[in-house]
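Participant:
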Amino acid sequence: MFSTHVQCAMGKKSANVYPVTPKPPQPSSSSSSEEEEDKPAPPRQQQSRPRGTEKRKLPLSPDAPAEFPRKKLGKTKHLSPEEESEEDDTKPKLGKVARKVHRAMAPYFTGKSRGSKIRNIVLGPSLDAYVDEYGQYIFCPEGTAKMQENAVSKISRAKVFLKYLMFGWTDTTYWNFEFLFNTLLLKSYPAVLRKAGLAPTTIILYVGQAISFVEYFRATPPKHSRITGGQTVVVIRELRKLLKDLNRTVLGHQAMVKQAKGKRLVPREDLARCQALARAKMASLLEDIEKAPPRDPKPRYRFFGYLAAYLSAIYGHRMGVMEHKTVRKFGTAQIYLEAEEYGWCRTWLRLRARTVPTNG
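Sequential numbering of the sequence shown, starting at 31, is according to my numbering.
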């Protein structure tokens, strides 16, 4: 059986009601406090209080707001720049040697296009001479300018691959090409490129060019090379395995990029509403140009804005783009007009001399 215990304080109307369980009979006052001291204190886990009986800190005045329990804030850890760089390097979970190689390779990935630092990689006299022979092999003198640029890019990516393996090799005798047979470091090649900021689609190009270079190396090894044919086969096999694993990553990357681009597309309903509103507004805009004072730019700018939005919603052209990228094959951009649209253009040509200011 539960009974209720009502506590009223200072004549207040509010009262707290708590459930109280029957307590065992208390010992008489004749029993001294020595008996209580002899009794062992019950463990904290066995002490249980009914809900609502915990002690709370009451406000000093009835108008003062109650204090909320404060959360314990963790101690902020202040790191030096060296320690912060160490934490950043460990994010891709690279090995110790791979992190060291990444720090050495990072300066080469600064700059873009013709300002890239990759072209400034120096391998050494013998290695540079062999890479030049590889460049002459892949270079097509009768090819287009784009093919020649691709050949230069292939040479640069081959230098990146060789420099990456050279940084992870303890011996300095690079002329014998023994550093190529470093399969442990080879497995971290895509991760280091990703840490340098390259996209998965670009990393596939780097790994593919590395395979092309090693295949050329296996077919025409230099005279001073100490790499056997079996070791070259192992290196090619490891690179092909990396390329196969990267294909899965590229599929996910392409799906995410496509999804992000899809979110930026203008909905079909908005394009249809834009065309309808612009078509209904065009006649009144031409009337405003005709009624406006001569050389007034405001109605002219409004007409241009509506006309550009109308045509862009239909054909997808950017404003101000009059030629395609492949103008030699497709020619100048063309727009097909209906009778009403052609009438707008004729009216604008009639009002153009009155609206557009001349230098004379």
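The beta carbon of each residue, even a glycine, is placed where N, CA and C say it ideally should be.
For clarity, every value in this text was computed on a predicted model and none was experimentally measured.
1. Could you give the DSSP three-state label for Lys174: helix, strand or coil?
2. Do you know whose CA, among Ser255, Gln284 and Asn212, lies nearest Leu269's CA?
3. Given a cut-off of 7 Å, decide if Leu307 and Thr377 are closer than it, judged by their beta-carbon atoms.
4. Starting from Thr213, follow the alpha helix (DSSP H) in both directions and report where the run begins and ends.
5. Measure how close the beta-carbons of Ser242 and Trp205 come, nearest whole angstrom, since I'm counting them as under 8 Å.
6. CB-CB under 8 Å to Lys147, same chain, minus the five flanking residues each way: which ones, in chain order?
7. Who are the near neighbours of Ile233 in its chain, counting only those whose CB is closer than 7 Å to its CB and skipping five residues on each side?
8. Here's the rule I'm using: 16 or more other beta-carbon atoms within 10 Å means buried, otherwise exposed. How should Arg187 be labelled?
9. Does the stretch 289-297 come within contact of the stretch 240-255, defined as at least 3 CB pairs closer than 8 Å?
10. Using a 10 Å radius around the Cβ and a threshold of 16 neighbouring Cβ atoms, would you call Tyr372 buried or exposed?
11. In the structure shown, what three-state DSSP assignment does Thr262 receive?
12. Using only CA atoms, which one of Thr174, Phe169, Gln305 and Leu124 lies nearest to Ile185?
13. Leaving out the 5 sequence neighbours to the left and right, which residues in its chain are closer than 7 Å to Gln289 when beta-carbon positions are compared?
14. Compute the distance between the beta-carbons of Cys304 and Ala343, then report whether it is under 7 Å.
15. So is His254 buried or exposed if we call it buried at 16+ other beta carbons inside 10 Å?
16. Which residue marks the beginning of the alpha helix (DSSP H) containing Ala339, and which one marks its end?
Facilitator: In brief:
1. Here residue 174 corresponds to residue number 144 of the sequence shown, with the count starting at 1. A quick correction: the sequence has Thr, not Lys, at residue 174. If DSSP states are grouped into helix, strand and coil, Thr174 belongs with coil.
2. Counting from 1 along the sequence shown, the entry for residue 269 is found at position 239. Ranked by Cα distance from Leu269, the first of Ser255, Gln284 and Asn212 is Asn212.
3. As a position in the sequence shown, residue 377 is number 347, starting the count at 1. As a position in the sequence shown, residue 307 is number 277, starting the count at 1. Not closer than 7 Å, so no.
4. As a position in the sequence shown, residue 213 is number 183, starting the count at 1. Thr213 to Leu216 is the extent of the alpha helix (DSSP H) around Thr213.
5. Start at 1 with the first residue of the sequence shown, and residue 242 comes out as number 212. Start at 1 with the first residue of the sequence shown, and residue 205 comes out as number 175. 22 Å between Cβ atoms; not a contact.
6. Position 117 of the sequence shown, counting from 1, holds the residue named residue 147. So the list reads Pro137, Tyr138, Phe139, Thr140 and Gly141, once near-sequence residues are dropped.
7. Within the sequence shown, numbered from 1, the residue matching residue 233 stands at position 203. Counting only Cβ-Cβ distances below 7 Å, and skipping sequence neighbours, we find Pro220, Leu223, Arg224 and Leu276.
8. Here residue 187 corresponds to residue number 157 of the sequence shown, with the count starting at 1. Buried, by the Cβ-count rule.
9. By the criterion of at least three beta-carbon pairs nearer than 8 Å, the stretch 289-297 is not in contact with the stretch 240-255.
10. Taking the first residue of the sequence shown as 1, we reach residue 372 at position 342. Exposed, by the Cβ-count rule.
11. Here the question's residue 262 lines up with position 232 in the sequence shown. Helix.
12. Sequence index remark: in the sequence shown, residue 185 carries index 155 (1-based). If we check each option's Cα against that of Ile185, Phe169 comes out closest.
13. As a working mapping, residue 289 is identified with position 259 in the sequence shown. Nothing meets the Cβ criterion.
14. If you number the sequence shown from 1, residue 304 lands on position 274. If you number the sequence shown from 1, residue 343 lands on position 313. Yes, these two residues count as a Cβ contact at 7 Å.
15. On the sequence shown, position 224 is the one that residue 254 refers to. With fewer than 16 other beta carbons inside 10 angstroms of its own, His254 counts as exposed.
16. Taking the sequence shown and counting its residues from 1, one reaches residue 339 at position 309. Element bounds for Ala339: Pro327 to Tyr345.
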